[in-house]
Structures are given as structure tokens and as C-alpha cells.
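First comes the structure, then the notes that go with it.
Numbering (the numbering used here), first residue to last: 1333 to 1553.
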């Protein structure tokens, strides 16, 4: 876990915590922190060259992503792999939430939003092809942003916040820790994204929601 986190002053403390959230999340996604393992805060602080306080703050923020969990008097742990039943429940909840909220905002797909979606999808394709060890972490972060953009079409801050709080856009744990995604899998997901963007642009609801449902249910365990 050799990633370096830039040291900052107290004025930049929030930026430091943001960096730690990303670094720890990537370490989990890439398997450097194994599922179910105990997270030693002092060790992380030493690894990233910072104090333990921002590490604790970063871990607290990661709780909502379901990538970590906390136990009284024991501290933080990397979340265990979800069971097949838990994964199916997650997929059902995510499909219900996304189709309902995006349905509310479907007609709000302005050119700027479409450009954002295409740019994110292009970056995802490049991440999939990069061959780098952290490509899945990069890809899943971009994928989360892609779906958050779709949710944002509803122009409802409460729903956007709920989506983020429920971690329904966060596929790190579900995709990376439960299923070994190969390049062909990632490429298929990118192509599904492209189909959804084209359907949004053409205002083709049937194609969009049919593709979205297949996209959400693509990974099975």
C-alpha cells in the first residue's frame, strides 16, 4: 500500500481527509486491505504519512459506502463479501431506486448532462484498457459518478443525497469484491452506458430503461 497522501496544513484538513477516503477505498477495492480484515489506524497513518485523526475521519466517512464496518471496542474492519442473498437485495433496491428517480428526470437530459455522461464513459473505457493494478478502483469510481449524474437528472437534491447515503451507486464492494470482473465484462458495461446515453438523447424511454435494468443485473453471484 505505497500510495502517498499529500500532507496538508490544518486549513486544508478537509482536503487531506478526502485524499485518505480515496486512498483507503482504493486499497480495499484493489485487495490490499482484505475483506473482513481489521483496520489498524496507526498503521494506515504511518503508511500515508499523516496523523491518526484524519484517518479516523476518513474511515467514518467510508461507513456509508459499506466498504468498512465498525464494532464497539474493536474498531474498524473491511466489510466481508456480501452473501448471494444480500447481493440480490442490493440489486433489487438499486433497480427500484434508479428507475424511479431517473424516470422523474428523464426529460431533463440537457446537452451538458449528455456530454458529462459521455466523458465519464470514455474515461471508464480507458481505465478498463489501462492494465493498471488500480484500474477497477478507477473504473468503479467513474461508474459511481456516471450513475450519480443520471440520478441528478431529477433535479432533486434530497434524492441525490439519499442515493449517495444508501450507497446504491457504489459498486466497489459488490462488483470488485464479489465478482472478478474481466476486461470483456467492463467493456460490456461501457457499451450499455453508451446505449443508455444514446437513448436519453433520442428520448427513447423503452430502450433506456430496458438497458438500465440489464446493466444493473449484469453481475450475478
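Glycine included, each C-beta is placed from N, C-alpha and C at the ideal position.
For residue j and residue i, the rounded distance between their alpha carbons
i: residue 1504; j: residue 1473; result: Only weak support exists for where residue 1504 lies, its pLDDT of 47 falling under 50; the coordinates are left without a value.
i: residue 1476; j: residue 1406; result: 30 Å
i: residue 1373; j: residue 1544; result: 39 Å
i: residue 1535; j: residue 1480; result: 19 Å
i: residue 1437; j: residue 1532; result: 11 Å
i: residue 1340; j: residue 1393; result: With a pLDDT of only 44 at residue 1340, under 50, the local geometry of the prediction cannot be trusted, and the value read off the model is given with reservation. So the two alpha carbons sit approximately 19 Å from each other.
i: residue 1488; j: residue 1458; result: 31 Å
i: residue 1397; j: residue 1497; result: 8 Å
i: residue 1402; j: residue 1395; result: 8 Å
i: residue 1419; j: residue 1399; result: 14 Å
i: residue 1355; j: residue 1470; result: 11 Å
i: residue 1351; j: residue 1425; result: 30 Å
i: residue 1416; j: residue 1443; result: 39 Å
i: residue 1404; j: residue 1347; result: 28 Å
i: residue 1451; j: residue 1365; result: 30 Å
i: residue 1386; j: residue 1414; result: 28 Å
i: residue 1464; j: residue 1363; result: 14 Å
i: residue 1384; j: residue 1375; result: 9 Å
i: residue 1445; j: residue 1537; result: 17 Å
Selection from the options that minimises the alpha carbon distance to residue i
i: residue 1515; options: 1481, 1538, 1498, 1456; result: 1456
i: residue 1412; options: 1368, 1428, 1418, 1540; result: 1368
i: residue 1434; options: 1416, 1542, 1382; result: 1542
i: residue 1349; options: 1375, 1359, 1388; result: 1388
i: residue 1429; options: 1482, 1445, 1383; result: 1482
i: residue 1447; options: 1525, 1432, 1424, 1425; result: 1525
i: residue 1495; options: 1431, 1375, 1445; result: 1431
i: residue 1552; options: 1375, 1383, 1421; result: 1421
i: residue 1546; options: 1363, 1423, 1379; result: 1423
C-beta contact flag for residue i and residue j at 8 Å
i: residue 1548; j: residue 1427; result: yes
i: residue 1453; j: residue 1522; result: yes
i: residue 1485; j: residue 1440; result: yes
i: residue 1478; j: residue 1449; result: yes
i: residue 1539; j: residue 1527; result: yes
i: residue 1353; j: residue 1390; result: yes
i: residue 1358; j: residue 1493; result: no
Residues near residue i by beta carbon distance below 6 Å, same chain, minus five either side
i: residue 1370; result: 1409
i: residue 1461; result: none
i: residue 1491; result: 1433
Per DSSP, cross-strand counterpart(s) of residue i
i: residue 1408; result: 1402
i: residue 1370; result: 1409
Residues of its chain near residue i, where Cβ-Cβ distance is below 8 Å and the 5 sequence neighbours each way are ignored
i: residue 1550; result: 1517, 1520, 1521, 1524
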